[in-house]
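These protein sequence lines map, in sequence, to chains A and B. Here the first sequence is numbered in the working numbering, starting from 1329 and rising by one per residue. Here the second sequence is numbered in the working numbering, starting from 1329 and rising by one per residue.
Protein chains: 2
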Amino acid sequence: MHILVLGGAGMVGRKFIERLARDGGLGGKPVTRVTAQDVVPASPPPAAPFDFEAVVSDLSVEGAAETLIATRPELIVHLAAIVSGEAEADFDKGYRINLDGTRYLFEAIRRIEGYTPRLVFTSSVAVFGAPFHDKIEDEFFTTPLTSYGTQKAIGELLLCDYSRRGFFDGVGIRLPTICVRPGKPNKAASGFFSNIIREPLNGEEAVLPVSDQVRHWHASPRSAVGFLVHAATMDTTKIGPRRALTMPGYSCTVAEQIETLRKVAGENVVKRIKRVPDPVIDGIVAGWPRNFDPQRALALGFKAESNFEEIIRVHIEDELHGTFVK
Amino acid sequence: MHILVLGGAGMVGRKFIERLARDGGLGGKPVTRVTAQDVVPASPPPAAPFDFEAVVSDLSVEGAAETLIATRPELIVHLAAIVSGEAEADFDKGYRINLDGTRYLFEAIRRIEGYTPRLVFTSSVAVFGAPFHDKIEDEFFTTPLTSYGTQKAIGELLLCDYSRRGFFDGVGIRLPTICVRPGKPNKAASGFFSNIIREPLNGEEAVLPVSDQVRHWHASPRSAVGFLVHAATMDTTKIGPRRALTMPGYSCTVAEQIETLRKVAGENVVKRIKRVPDPVIDGIVAGWPRNFDPQRALALGFKAESNFEEIIRVHIEDELHGTFVK
Chain A
1329 MHILVLGGAG
1339 MVGRKFIERL
1349 ARDGGLGGKP
1359 VTRVTAQDVV
1369 PASPPPAAPF
1379 DFEAVVSDLS
1389 VEGAAETLIA
1399 TRPELIVHLA
1409 AIVSGEAEAD
1419 FDKGYRINLD
1429 GTRYLFEAIR
1439 RIEGYTPRLV
1449 FTSSVAVFGA
1459 PFHDKIEDEF
1469 FTTPLTSYGT
1479 QKAIGELLLC
1489 DYSRRGFFDG
1499 VGIRLPTICV
1509 RPGKPNKAAS
1519 GFFSNIIREP
1529 LNGEEAVLPV
1539 SDQVRHWHAS
1549 PRSAVGFLVH
1559 AATMDTTKIG
1569 PRRALTMPGY
1579 SCTVAEQIET
1589 LRKVAGENVV
1599 KRIKRVPDPV
1609 IDGIVAGWPR
1619 NFDPQRALAL
1629 GFKAESNFEE
1639 IIRVHIEDEL
1649 HGTFVK
Chain B
1329 MHILVLGGAG
1339 MVGRKFIERL
1349 ARDGGLGGKP
1359 VTRVTAQDVV
1369 PASPPPAAPF
1379 DFEAVVSDLS
1389 VEGAAETLIA
1399 TRPELIVHLA
1409 AIVSGEAEAD
1419 FDKGYRINLD
1429 GTRYLFEAIR
1439 RIEGYTPRLV
1449 FTSSVAVFGA
1459 PFHDKIEDEF
1469 FTTPLTSYGT
1479 QKAIGELLLC
1489 DYSRRGFFDG
1499 VGIRLPTICV
1509 RPGKPNKAAS
1519 GFFSNIIREP
1529 LNGEEAVLPV
1539 SDQVRHWHAS
1549 PRSAVGFLVH
1559 AATMDTTKIG
1569 PRRALTMPGY
1579 SCTVAEQIET
1589 LRKVAGENVV
1599 KRIKRVPDPV
1609 IDGIVAGWPR
1619 NFDPQRALAL
1629 GFKAESNFEE
1639 IIRVHIEDEL
1649 HGTFVK
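Quick look at the structure:
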C-alpha cells in the first residue's frame, strides 16, 4: 500500500508517519511506500519498514498535485494548510493554498479515470463561528469568522460533492485543539492550553493569559493520529453523504487542566504557571467553541481521551519518556 | 445610482429591472443606469427612466468581471448561474460558472481599492440536503446533495468572508421555489408546481406527476423581486456576519394548491389538471425541503405571501392582466 501525506512535515503528519512505521501496516495491509509532501523536507521516520520519500512542492502551483498522484497512492492524507493566523494576515496566500491547493488536488484525482483513492481531509472546529450553543451538535451550521475557517468549510463541501460523485472516497475530520502540543511555545493564541502543561513538566515557567474559567475542547496528538488511522481504514458506506465529521474530544476548563496537572505532577510543577492576564487573547478565546456533542463520529468509531489526566499521561509517555521535572 | 445585474436576461433579473423602471429609483435614490449582463442579450424594460445597457459576456472568463465593474456600480445583483440540472449533468461547467465565475467577481471587486458596493447574491434552498427537519431552522447545517447546491453554499461562505473583510457589503438570499413561474412548461423536476396553476388558467392541460400530499415551499416572482429590492436597500449593520438568509415563503401541499385554484378560478379550471404519476419525479421531490422557519429574514424585514391564494392572485394580476380562461 502506497500512502501520500500532504503536509507530511508538520507535527500531526510526522506522528502519523511514525505510527505507520511502528505498525508496519494500515487496516491489515502492509504499507510499502510513504510519500511525504510539504514545503520543507519531511524527515524519514525511525526504522521505517517501507520506502520513504520526502517531496518538497507547493500544492497551489498547477501541476504539483498531478505529479504527486502520478503513481496512484491508494490513500491520500491531506493535512497541508496555511494556519489560521497566517490565512487571516495574508488573504491571497490563505485562499491560494487552502482553497486552490485543495481544489487542484481534488481535480487531479477526478481527472484520472478509474482512480478513486481514500482521501482523508483535516478540517477544523474553526468552521464554526460564535455565537453557538454551549455544546455544538452535529447539525449546527458552519458560519466561520475567519478566512481559514471559510476555506476549511469550503474544503468540506467540495470533499462531500466529489465523494458523492464517486471521484474519490473522502472523509473530513474536524480536529479539536491538539493538547499537549509538543515543541516550543509558539505565538498561536491557543498556545497556552498546551504551554501551561508542557513547560512546567519541562521545569520551565509558562504564562496563563486567560481566566481559569475558560473552557476548551482538547484531544492529544496520539488521538489525532488515531483519527487519521480510523478515517483511512473505516467502512465509508456507513457515513452517507455527510462526510465532514466533528471529532470527539474532551471539554474542560483551564482550572481542571491545572488541577489535573497538580494531581499527576504535584504542586511544584503547578507553581511554574504564571498568571499574566492578556485581554487580547481573552477576547480571541471568547469566540471559540467550548464543547461539542460529536455523536456521529462516536457512532462511527472515532475515539479520543475521556478525561484530562489521560491527555497529560499521553504527553508524558509519548514526549517525555515517562518522566518530568518535579 | 448605477446598478449591475448579472444574469439580467433571466426571469427574476428581467422582473427586477422592470420594477426599477416602474419605481424609477431604489431606496429613495434615483436609478440613472442599469447594466444587464447575461450570456444572451437582455431586453430593455418598457419605458425605462434610466440608461439601459445589455452586455453579453461569460463571467467564467477571467477579466469579464473587471470589465463589468470598471464603472463601479453602487449595487451588484448576482443572479447568474447554471441551474441545478445542468450543473449536475456538466460538472465542469457548473463549477466554472457557479464557483469560478462568482469568485472572479468577488476578487475583481476586492482588487479595487476603496470600492465596496452592496452585493446581492441569490442562493437556493438546494444548500440543504435530506434528511432534514420538517421545518428547517436558520441554524440548520448546509449539506447539499447536488453540485449546484454545493456551489451555492460555497458562494455563501465566500460572500460572508469577503463581507467580513470589508471588500463589499454582501447579502445572500436563498430563494424558495418561484411559483407561479411565468412562461412555458419546462423540464425542471419542480416545474409542475407552477404548471398545475399556470396552464389551467391559460385553458391548457397540465400534468401532475406526484401525490396531492407532496408539500413544498413557494414564493411568487413578485416576492422574489421584493427580496432583491430589500436586500439591496436594507441596513446591513443589523445582519452581522451571517449574511446568507433563508427567505420567507409559504409552505403548502399540492392538495392545498389545487383547492385554492378551485376557490379562485372554479371547477372547470381545476379539471384541466391530469394526474400522471411519475415515480422518478416523485423520488426527486422526496429529497427536497418542505418547510422553513426563516425567523432571521422575517426579523430583518423580508416579506412573502402568507397563503397560496395570494400567490395565484399575483400571477393573475402580473401575468394575465387580471383575467384567465374559465
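All C-beta atoms, glycine included, are put in the ideal place defined by N, C-alpha and C.
Residues of its chain near residue i, where Cβ-Cβ distance is below 8 Å and the 5 sequence neighbours each way are ignored
i, result
"residue 1636 (chain B)", "1546, 1578, 1580, 1584, 1585, 1588"
"residue 1456 (chain B)", "1464, 1468, 1470, 1471, 1472, 1477, 1617"
"residue 1592 (chain A)", "1637, 1640, 1641, 1644"
"residue 1562 (chain B)", "1499, 1628, 1629"
Cutoff 8 Å: residue i Cβ touching any chain A Cβ
i, result
"residue 1468 (chain B)", "yes"
"residue 1437 (chain B)", "no"
"residue 1319 (chain B)", "This structure cannot speak to residue 1319 (chain B), because chain B is shown only from 1329 to 1654."
"residue 1473 (chain B)", "yes"
"residue 1628 (chain B)", "no"
"residue 1449 (chain B)", "no"
"residue 1424 (chain B)", "no"
"residue 1413 (chain B)", "no"
"residue 1434 (chain B)", "no"
"residue 1400 (chain B)", "no"
"residue 1577 (chain B)", "no"
"residue 1419 (chain B)", "yes"
"residue 1478 (chain B)", "yes"
"residue 1482 (chain B)", "yes"
"residue 1570 (chain B)", "yes"
"residue 1462 (chain B)", "no"
"residue 1563 (chain B)", "no"
"residue 1485 (chain B)", "yes"
Contacting residues, own chain, Cβ-Cβ under 6 Å from residue i (five flanking each side not counted)
i, result
"residue 1382 (chain B)", "1364, 1369, 1370"
"residue 1406 (chain B)", "1334, 1449"
"residue 1337 (chain A)", "1366, 1368, 1370"
"residue 1610 (chain A)", "1538"
"residue 1458 (chain A)", "1615"
"residue 1361 (chain A)", "1330, 1378, 1379"
"residue 1526 (chain B)", "1508"
Contacts around residue i, its chain only, beta-carbon distance under 7 Å, and the 5 residues preceding and following it disregarded
i, result
"residue 1454 (chain A)", "1412, 1472, 1474, 1476, 1477, 1480"
"residue 1659 (chain B)", "With chain B represented from 1329 up to 1654, any question about residue 1659 (chain B) goes unanswered, as that position is not in the structure."
"residue 1650 (chain B)", "1644"
"residue 1556 (chain A)", "1344, 1405, 1448"
Reduced DSSP category for residue i - H, G, I as helix; E, B as strand; rest coil
i, result
"residue 1673 (chain A)", "The structure shown does not extend to residue 1673 (chain A), since chain A spans only 1329 to 1654, so no value can be given for it."
"residue 1643 (chain A)", "helix"
"residue 1534 (chain B)", "strand"
"residue 1375 (chain B)", "coil"
"residue 1451 (chain B)", "strand"
"residue 1654 (chain B)", "coil"
"residue 1583 (chain B)", "helix"
"residue 1432 (chain A)", "helix"
"residue 1458 (chain B)", "coil"
"residue 1419 (chain B)", "helix"
"residue 1648 (chain B)", "coil"
"residue 1636 (chain A)", "helix"
"residue 1473 (chain B)", "coil"
"residue 1574 (chain B)", "strand"
"residue 1595 (chain B)", "helix"
"residue 1566 (chain A)", "helix"
Residue-level contact to chain B via CB, residue i, 8 Å cutoff
i, result
"residue 1350 (chain A)", "no"
"residue 1493 (chain A)", "yes"
"residue 1612 (chain A)", "no"
"residue 1646 (chain A)", "no"
"residue 1457 (chain A)", "yes"
"residue 1489 (chain A)", "yes"
"residue 1669 (chain A)", "The structure shown does not extend to residue 1669 (chain A), since chain A spans only 1329 to 1654, so no value can be given for it."
Residue i Cβ short of 7 Å to the ligand GTP heavy atom set
i, result
"residue 1644 (chain A)", "By its list of ligands, the structure shown contains no ligand whatsoever, and the ligand GTP lies outside what it can speak to."
Between the region 1558-1570 of chain B and the region 1602-1622 of chain B, can you find at least three pairs of beta-carbon atoms closer than 8 Å?
Because the criterion of three Cβ pairs below 8 Å is not met, the region 1602-1622 of chain B and the region 1558-1570 of chain B do not touch.
Any alpha helix (DSSP H) of 4 or more consecutive residues that is wholly inside the region 1330-1355 of chain B
Taking only runs of at least 4 residues, the alpha helix (DSSP H) segments lying wholly in the region 1330-1355 of chain B are 1339-1351.
Evaluate contact between the region 1422-1429 of chain A and the region 1487-1494 of chain A, counting only Cβ atoms and requiring at least three cross-stretch pairs below 8 Å.
With a cut-off of 8 Å, the region 1487-1494 of chain A and the region 1422-1429 of chain A do not count as touching, because too few Cβ pairs lie within range.
Just to confirm the assignment: which complete beta strand (DSSP E) runs, minimum length 3, are found wholly within the region 1599-1628 of chain B?
Correct list: 1601-1603.
Taking 8 Å as the threshold, find out whether the region 1508-1515 of chain A comes into contact with the region 1502-1513 of chain B through three or more Cβ pairs.
Segments in contact, no.
Please give the ranges of any alpha helix (DSSP H) in the region 1492-1553 of chain B, keeping only runs that are unbroken, at least 4 residues long and fully inside the region.
For the region 1492-1553 of chain B, whole alpha helix (DSSP H) runs of length 4 or above, ordered along the chain, are 1519-1529.
So within the region 1362-1417 of chain A, which uninterrupted alpha helix (DSSP H) runs reach at least 4 residues, ignoring any that extend past its ends?
Counting whole runs of 4 or more residues, the region 1362-1417 of chain A contains the alpha helix (DSSP H) stretches 1392-1397, 1412-1417.
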